[in-house]
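Visitor:
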Amino acid sequence: MKTKSNLERVLEAGQFAVTGELGPPQSADSEIIRRKAKILKGHVDAFNVTDGQTAVVRMASWAACLIAKEEGLDPIVQMTCRDRNRIALQMDVLGIAALGINNMLCLTGDHQKFGNHPTAKGVYDLDSIQFIKVVKDMRDERKFQCGDEMEVAPRLFVGAAANPFAAPFEFRVVRLSKKVAAGADFIQTQLVYNVDKFAEWMKMVRDRGLHEKVKILAGVGPIKSVGAAKYMKTRVPGMDVPDSVVQRLQGVPKEQVSKEGIKLCVDIINQVRQIDGVAGIHIMAIEWEEAVPEILEAAGLLPRPKFSL
Amino acid sequence: MNAQVRKPFEEVLGYLEGRKKIFLMGCGGCATIFHTGGIRDVDEMAERLTKEGKEIVGKIGLPFGIFTCYLPMSSMFLKEHRQEIEKCDAILMQSCGDGLQAVRGYLEEEMGIVKPMYPSNNALGFSSGGPSKFKEECQACGECELGRTAGICPLVQCPKGLLNGPCGGTTMDGKCEVDPTRDCAWVMIYRRLEELGTLDELLERQEPHDWSKAVRPRALEVEPLELLEELKGTKKAIEALGV
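Chains as they are written, first to last, in my numbering: chain A, -14 to 294; chain Y, 2 to 244.
1) Looking at the C-beta of residue 88(A), does it have a partner C-beta in chain Y at a distance below 8 Å?
2) What are the boundary residues of the beta strand (DSSP E) that includes residue 191(Y)?
3) Mind the definition here: the stretch 228 to 240 of chain A touches the stretch 190 to 201 of chain A only if three or more C-beta pairs lie below 8 Å; say whether that holds.
4) Quick check on this structure: which residue in 152(A), 45(A) and 86(A) has the alpha carbon closest to the alpha carbon of residue 68(A)?
5) Hey, how far is the Cα of residue 215(A) from the Cα of residue 209(Y)?
6) Output needed for residue 287(A): all residues of its chain with C-beta closer than 6 Å, excluding positions within five of it in sequence on either side, in chain order.
7) Suppose contacts are defined by Cβ-Cβ distances below 8 Å. Is residue 165(A) in contact with residue 121(A) by that definition?
8) Can you name the residues of chain Y whose CB is closer than 7 Å to the CB of residue 148(A)?
9) Compare the C-beta of residue 107(A) against all C-beta atoms of chain Y and say whether one is closer than 8 Å.
10) Tell me, please, which residues DSSP counts as bridged to residue 5(Y).
11) Checking contacts by CB at 8 Å: is residue 15(A) closer than that to chain Y?
12) According to DSSP, is residue 104(A) part of a helix, a strand, or is it coil?
13) Residue 210(A) CB to nearest chain Y CB: under 8 Å?
14) Using a beta-carbon distance below 8 Å, is residue 175(A) in contact with chain Y?
15) How far does the beta strand (DSSP E) with residue 173(A) in it reach, from first residue to last?
16) Measure the Cβ-Cβ separation of residue 260(A) and residue 189(A) and say whether it is below 8 Å.
17) For residue 209(A), does the three-state DSSP call read helix, strand or coil?
18) In whole angstroms, give me the CA-to-CA distance for residue 181(Y) and residue 163(Y).
19) Determine the DSSP secondary structure at residue 304(A), reduced to helix, strand or coil.
20) Within 8 Å of any Cβ in chain A, is that where the Cβ of residue 73(Y) sits?
21) Which residues does DSSP list as the beta-bridge partners of residue 134(A)?
22) I need the straight-line Cα distance from residue 223(Y) to residue 119(A), nearest angstrom please.
23) Give every residue of the same chain whose Cβ lies closer than 7 Å to the Cβ of residue 63(Y), excluding the five residues on either side of it in the sequence, and list them in chain order.
24) Classify residue 145(Y): buried if its beta carbon has 16 or more other beta carbons within 10 angstroms, exposed otherwise.
25) Exposed or buried, what is residue 295(A) when buried is set at 16 or more other beta-carbons lying within 10 Å of its beta-carbon?
26) Where does residue 28(Y) fall in DSSP's three states?
27) Along chain Y, in chain order, which residues have C-beta atoms closer than 9 Å to that of residue 96(A)?
28) Would you list the residues sitting across from residue 56(Y) in a DSSP beta bridge?
29) Would you list, in sequence order, the uninterrupted beta strand (DSSP E) runs of no fewer than 3 residues that lie entirely inside the stretch 58 to 122 of chain A?
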């Protein structure tokens, strides 16, 4: 065990892992975080707290992680390279580990153009792959990026994102292998709606033996409305929503669409579970956290494994 | 080249308010290419300012190939026009900011002339192409990465400056999420490596970029050129091309 992470325990025990996601508020309201954390508690092995997702100013991920940790959850702090240079990133890595947070997802970050401060200057001093290597070297070599050594290393279970769908498709598995070589312990993928394409990507992953070096969690999430499905299909770059998904939601009466969305999510979970090399799922139901227990129950993924710490 | 556009004429007039005698200087380099300071542009400016009641006491329109920012060339013209420059209330520089500051420094340090100086252009930085279309491809970061990125600079072409491949926001047709009218830098790099048969290069992890080389202001010293010899060589080479 590299860390005290519950997620690492579940994965090391060979259990099919479940992670969730929580978006911090656009305010200093800690109660929202506690409320969302209580919904997820007991249903997921760990959960991500986003870091200024879509470049909108929200409570810092590490701070929201700490609040949720008080509720008894194992948080995964998300860290993007958009807002911090290599000095600030490493300072946060030290602080986050010192606060007892065990997991960190290293991301490049959504471009500032898409957020509520589009005139901001982006940093991008490091990219996600370079950042993964920095965190791994801090943990395993007790070294900063400059080569200086430290006394107490940050014990973090290091995660990375992967998008199996964006162009160029053939390069995506290469990029995954770079993330693995840089030191990623686990991977959470972009939302999977095109299961065939995902399976094709997973075959490329297995051909390279990457599934044996890194734990891959398939991204899944319920769709609440036909409009949301169409929006993701046409407006969210790098997302692959097949026509069949939109048609399935269109095929039921309006008041049953959200129920169908949950069923669809369960079906996708059942399909990706069958794919060799998939170690778990990452369920993203931002602002629809209530749906998570129902989905996991229907998918037969409850109760979650418990370990004495 | 340093791409540039003209400032609004009203802004230029604003700088010259209260100054009657104006000296104009253009540039035979980039400013000629971008129609912001060639000989014709200097003549046009003289005409417009005259109409606004200014007195043009002198002007330097540099022939194409004579760069204002390269003082061994431009200073010959400055010396030639010393008297007019001394007479003027202000100098309007039809060049980039480099040209203006090179001339300001030379006038002060070498010719002992201190005059108010104003820009007529906004410089946009390095660009390549022509004769009509130009694009930005190099940001002069001081630590060139092109040898590791298939000759396409992702620090410039990718809005996130990613050195290890595309982000997750590349559209299905290979466009950039930040500006879907443009190809993703890493899709371009991928296609080029594919054509060169060296896709394996993508596996290599690129280390964080050394930004210390970009700390400003930068300065350096080189061996001076034998200017007239170089120009003779240029003339010969152009003649040999038969143009």
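Glycine included, C-beta positions come from ideal geometry on N, C-alpha and C.
Guide: In brief:
1) Answer no: the Cβ-Cβ gap between residue 88(A) and chain Y never drops below 8 Å.
2) Here residue 191(Y) belongs to no beta strand (DSSP E); instead the alpha helix (DSSP H) covers 186 to 197.
3) Contact fails between the stretch 228 to 240 of chain A and the stretch 190 to 201 of chain A, because fewer than three Cβ pairs, one in each stretch, are under 8 Å apart.
4) Scanning 152(A), 45(A) and 86(A) for the CA closest to the CA of residue 68(A) turns up 45(A).
5) Rounded to the nearest angstrom, the two C-alpha atoms are 38 Å apart.
6) Taken in chain order, the residues that qualify are 281.
7) No.
8) Within chain Y, 169 have C-beta atoms less than 7 Å from the C-beta of residue 148(A), given in sequence order.
9) Yes, residue 107(A) lies at the interface with chain Y (some Cβ there is under 8 Å from its Cβ).
10) Per the DSSP secondary-structure output, residue 5(Y) pairs in a beta bridge with 124(Y).
11) Chain Y, which has no Cβ nearer than 8 Å to the Cβ of residue 15(A), makes this no.
12) Look at residue 104(A) here: in three-state DSSP terms it is coil, with no helix or strand label.
13) False, the Cβ-Cβ gap to chain Y never drops below 8 Å.
14) Closer than 8 Å to the CB of residue 175(A) there is at least one CB belonging to chain Y.
15) Its beta strand (DSSP E) spans residues 171 to 176.
16) With contacts defined as CB atoms closer than 8 Å, residue 260(A) and residue 189(A) fail to qualify as a contacting pair.
17) If DSSP states are grouped into helix, strand and coil, residue 209(A) belongs with coil.
18) Using only the alpha carbons, I get a separation of about 17 Å.
19) Given that chain A is displayed from residue -14 to residue 294, the structure contains no residue 304(A) and the question cannot be resolved.
20) Contacts with chain A at 8 Å (Cβ-Cβ) do not include residue 73(Y).
21) The partner list for residue 134(A) (beta bridge, DSSP) reads 128(A).
22) Looking at the two C-alpha atoms, the distance is approximately 38 Å.
23) Excluding the 5 residues flanking it on each side, residue 63(Y) has same chain C-beta neighbours closer than 7 Å at 27, 28, 29, 69, 75 and 78, in chain order.
24) Flag for residue 145(Y) reads exposed.
25) Residue 295(A) lies beyond the range of chain A shown here (-14 to 294); nothing can be said about it.
26) Coil, per DSSP.
27) Those are 160, 161, 168, 170, 178 and 179, listed as they occur along chain Y.
28) Looking at the DSSP assignment, residue 56(Y) forms a beta bridge with 22(Y).
29) Fully enclosed beta strand (DSSP E) runs of 3 or longer: 60 to 65 and 88 to 92.
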